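Just so you know, we're using the working numbering here: the sequence shown kicks off at 5 and counts up by one.
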Amino acid sequence: MAIPERCEVIPLADHQASFRVDGIERFRWHFGTQYPRPFFYPMLGPGGESLTRMGHPGAENHDHHQSVWFAHNKVLGINFWANDSPAVIRQQRWLVYDDAREFARMAVLLDWLDGHDPRPLVEQELIATMRPLPDGEYLLELQSTFRPNSDQIEFQQTNFGFLAVRMAKSISAHFGEGQLTGASGEQGEPNLFGKANAWMDYSGPVPLPQRDGERLAPTEGITYFDHPANPGYPAKWHVRQDGWMGASSCRDTPLVTTREQPLVLRYMLHIHSGAVQADRCERLAATWAERPLLKVQKGTRPHFQYEVVDAT
Numbered sequence: 005m006a007i008p009e010r011c012e013v014i015p016l017a018d019h020q021a022s023f024r025v026d027g028i029e030r031f032r033w034h035f036g037t038q039y040p041r042p043f044f045y046p047m048l049g050p051g052g053e054s055l056t057r058m059g060h061p062g063a064e065n066h067d068h069h070q071s072v073w074f075a076h077n078k079v080l081g082i083n084f085w086a087n088d089s090p091a092v093i094r095q096q097r098w099l100v101y102d103d104a105r106e107f108a109r110m111a112v113l114l115d116w117l118d119g120h121d122p123r124p125l126v127e128q129e130l131i132a133t134m135r136p137l138p139d140g141e142y143l144l145e146l147q148s149t150f151r152p153n154s155d156q157i158e159f160q161q162t163n164f165g166f167l168a169v170r171m172a173k174s175i176s177a178h179f180g181e182g183q184l185t186g187a188s189g190e191q192g193e194p195n196l197f198g199k200a201n202a203w204m205d206y207s208g209p210v211p212l213p214q215r216d217g218e219r220l221a222p223t224e225g226i227t228y229f230d231h232p233a234n235p236g237y238p239a240k241w242h243v244r245q246d247g248w249m250g251a252s253s254c255r256d257t258p259l260v261t262t263r264e265q266p267l268v269l270r271y272m273l274h275i276h277s278g279a280v281q282a283d284r285c286e287r288l289a290a291t292w293a294e295r296p297l298l299k300v301q302k303g304t305r306p307h308f309q310y311e312v313v314d315a316t
């Protein structure tokens with residue numbers, strides 16, 4: 005019997021792809037057209053429960069908060085953030101599903117459509133790489149290249165964009181017993197909102213299914229890293245006690261992407277057990293910063309249309 009690679013990304017019915025380690029799912033990618041934009045859900049922690057959720061725990065007008073997702077609310081004045089906007093993000097096609105011992109990788113093309121013109125304003129090439137760590141932890145590295153259909157497109161000044169994370173209710177500082185912590189060591193929304201930090205962490209109790217009459221709730225969390233090569237690094241953050249965090253890449257100034265020099269953004273999520281450990285975050289960030297930029301090219305192996313390789 006052929007043994008599959010340790011890390012796999014498996015396409016499923018209903019426009020989903022499952023990322024697995026040793027045959028156990030760690031998270032899923034959803035790209036069905038019943039949603040305004042694609043997203044990752046669930047993001048399973050070491051204990052097997054999702055560390056993220058769909059929507060706000062107490063406000064239906066935040067149903068656009070879909071676990072882990074990409075969006076922006078001011079692209080030439082067009083709102084790709086809200087669910088009541090005609091603008092949508094659609095997966096055009098997948099390019100690569102890669103299985104390997106040390107990682108699983110997916111590359112897809114996403115069209116940012118204004119709801120009127122059938123041509124996309126922007127094409128987002130997303131390369132998502134999952135790397136397993138010991139004891140059920142893992143990293144999700146995300147590299148996005150934004151290519152405009154015109155000569156250039158401006159992502160306008162705003163708090164909202166590009167990558168957002170909605171945490172599980174129990175991890176929220178307001179609805180649960182979680183804690184926000186920045187790379188600066190500061191904690192809580194008042195001390196972290198709008199402040200520059202190389203990373204941001206949200207950790208808290210995660211209730212597990214009852215066993216032998218007892219229900220445990222170990223501490224788990226997600227650390228969200230900005231990349232040193234991103235414009236404006238370290239990012240200023242939009243964070244809330246109610247359980248969400250996002251690097252505000254355009255908080256102070258707009259970002260422009262052009263055909264000749266497309267905007268590239270890189271982020272990393274560390275799904276971990278226990279409370280955040282600053283020294284460990286620094287080690288993970290340093291290792292990630294040394295990894296080369298990636299690119300998609302025509303396949304060089306038989307039966308592979310495309311492949312992901314180092315860009316340098």
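Every residue, glycine too, gets a C-beta built ideally from N, C-alpha and C. Model, not experiment: these values are computed from the prediction.
Exercise for the section: Give the DSSP-derived three-state secondary structure of K299 in the structure shown. Expected result: Position 295 of the sequence shown holds residue 299. The answer is strand: DSSP assigns K299 an E or B state.
Exercise for the section: List the DSSP bridge partners of H274. Expected result: The sequence position of residue 274 within the sequence shown is 270, counting from 1. Per DSSP, L143 and T227.
Exercise for the section: Under the assumption that P42 contacts L99 (Cβ atoms under 8 Å), give the Cβ distance between them as a whole number of angstroms. Expected result: The residue labelled residue 42 in the question sits at position 38 within the sequence shown. The residue labelled residue 99 in the question sits at position 95 within the sequence shown. That belief does not hold up - the Cβ atoms of P42 and L99 are roughly 14 Å apart, past 8 Å.
Handout entry: Counted within 10 angstroms of its Cβ, other Cβ atoms place F229 as buried (16 or more) or exposed
Key = Counted from its first residue, the sequence shown places residue 229 at position 225. With 16 or more other Cβ atoms within 10 Å, it is buried.
Practice task
To the nearest angstrom, report how far apart P136 and D26 are at their CA atoms.
Solution key: As a first step, residue 136 must be located in the sequence shown, where it is residue number 132. As a first step, residue 26 must be located in the sequence shown, where it is residue number 22. Roughly 10 Å between the two C-alpha positions.
Practice task
If I'm right that I157 touches V243 with Cβ under 8 Å, what's the distance once you round it to whole angstroms?
Solution key: Position 153 of the sequence shown, counting from 1, holds the residue named residue 157. Position 239 of the sequence shown, counting from 1, holds the residue named residue 243. Not quite, the Cβ-Cβ distance comes to about 27 Å (not below 8 Å), so this is no contact.
Exercise for the section: Between the Cα of L298 and those of V268, L273, A221 and R284, spot the shortest distance and give me the residue it belongs to. Expected result: As a position in the sequence shown, residue 298 is number 294, starting the count at 1. Comparing Cα-Cα distances from L298 to each of V268, L273, A221 and R284, the minimum goes to V268.
Practice task
Return the CA-CA distance between A168 and L259, expressed in angstroms with no decimal places.
Solution key: Reading the sequence shown from its first residue, position 164 is the one you call residue 168. Reading the sequence shown from its first residue, position 255 is the one you call residue 259. Straight-line measurement puts the Cα of L259 at about 17 Å from the Cα of A168.
Handout entry: Cα-Cα separation between I7 and S54, rounded to whole angstroms
Key = Your numbering for residue 7 matches position 3 in the sequence shown. Your numbering for residue 54 matches position 50 in the sequence shown. Approximately 28 Å between the Cα atoms of the pair.
Exercise for the section: Could you spell out the range, first to last residue, of the alpha helix (DSSP H) harbouring R287? Expected result: If you number the sequence shown from 1, residue 287 lands on position 283. Residues A282 to E294.
Handout entry: Buried versus exposed call for L184 [16 or more other C-beta atoms within 10 Å across all chains shown]
Key = Counting from 1 along the sequence shown, the entry for residue 184 is found at position 180. L184 counts as buried, since at least 16 other C-beta atoms from the protein chains shown sit within 10 angstroms of its C-beta.
Handout entry: Option nearest P40 by Cα separation, candidates F74, E264 and E12
Key = Position 36 of the sequence shown holds residue 40. Measuring from the Cα of P40, the nearest candidate turns out to be F74.
Handout entry: Between the CA atoms of Q70 and F84 - distance to the nearest angstrom
Key = Taking the first residue of the sequence shown as position 1, residue 84 is located at position 80. Taking the first residue of the sequence shown as position 1, residue 70 is located at position 66. Cα to Cα, the separation comes out at about 13 Å.
Handout entry: Status (buried if at least 16 other CB within 10 Å, exposed otherwise) for N65
Key = As a first step, residue 65 must be located in the sequence shown, where it is residue number 61. It is exposed - the Cβ of N65 has fewer than 16 other Cβ atoms within 10 Å.
Problem - E193 versus H276: straight-line alpha-carbon distance, rounded - result: Here residue 193 refers to the residue found at position 189 when the sequence shown is read from its first residue. Here residue 276 refers to the residue found at position 272 when the sequence shown is read from its first residue. The straight-line gap from Cα to Cα measures roughly 21 Å.
Exercise for the section: Check the DSSP bridge columns for P136 and list the partner residues they point to. Expected result: As a working mapping, residue 136 is identified with position 132 in the sequence shown. Looking at the DSSP assignment, P136 forms a beta bridge with Y142.
Problem - Opposing strand residues paired with S22 [DSSP bridges] - result: Counted from its first residue, the sequence shown places residue 22 at position 18. Paired residues: I14 and R32.
Handout entry: Ordered list of alpha helix (DSSP H) runs contained in the segment 169-227, each at least 4 residues
Key = For secondary structure counted as the alpha helix (DSSP H) over 4 or more consecutive residues, the segment 169-227 holds these complete runs in sequence order: 193-196.
Handout entry: Nearest residue (CA-CA) to K240, options T223, E224 and A187
Key = Locating residue 240 in the sequence shown gives position 236, where the first residue counts as 1. Of the listed residues, the one whose Cα sits closest to K240 is A187.
Exercise for the section: Have a look at L196 and V280 and give me their C-alpha separation to the nearest angstrom. Expected result: To locate residue 196, count along the sequence shown from 1; it is residue 192. To locate residue 280, count along the sequence shown from 1; it is residue 276. The alpha-carbon atoms of L196 and V280 are separated by roughly 16 Å.
Exercise for the section: Indicate whether the contact test is met: 3 or more Cβ pairs, each with one atom in the segment 292-311 and one in the segment 94-108, closer than 8 Å. Expected result: Between the segment 292-311 and the segment 94-108 there are three or more inter-stretch CB-CB distances shorter than 8 Å, so the stretches are counted as touching.
Practice task
Check whether the Cβ atoms of E12 and R24 lie closer than 8 Å to each other.
Solution key: As a first step, residue 12 must be located in the sequence shown, where it is residue number 8. As a first step, residue 24 must be located in the sequence shown, where it is residue number 20. A contact, by the Cβ cut-off of 8 Å.
Practice task
Measure the CB-CB distance between L288 and G51 and report whether it falls below 8 Å.
Solution key: Position 284 of the sequence shown holds residue 288. Position 47 of the sequence shown holds residue 51. No, Cβ-Cβ distance for L288 and G51 is not below 8 Å.
Practice task
Provide the residue(s) that pair with Y310 in DSSP beta bridges, ordered along the chain.
Solution key: Counted from its first residue, the sequence shown places residue 310 at position 306. Per DSSP, the beta-bridge partners of Y310 are K302.
Exercise for the section: Please report the residue range of the beta strand (DSSP E) in which Q156 lies. Expected result: Locating residue 156 in the sequence shown gives position 152, counting from the first residue. In the DSSP annotation of this structure, the continuous segment of the beta strand (DSSP E) that includes Q156 starts and ends at Q156 to F159.
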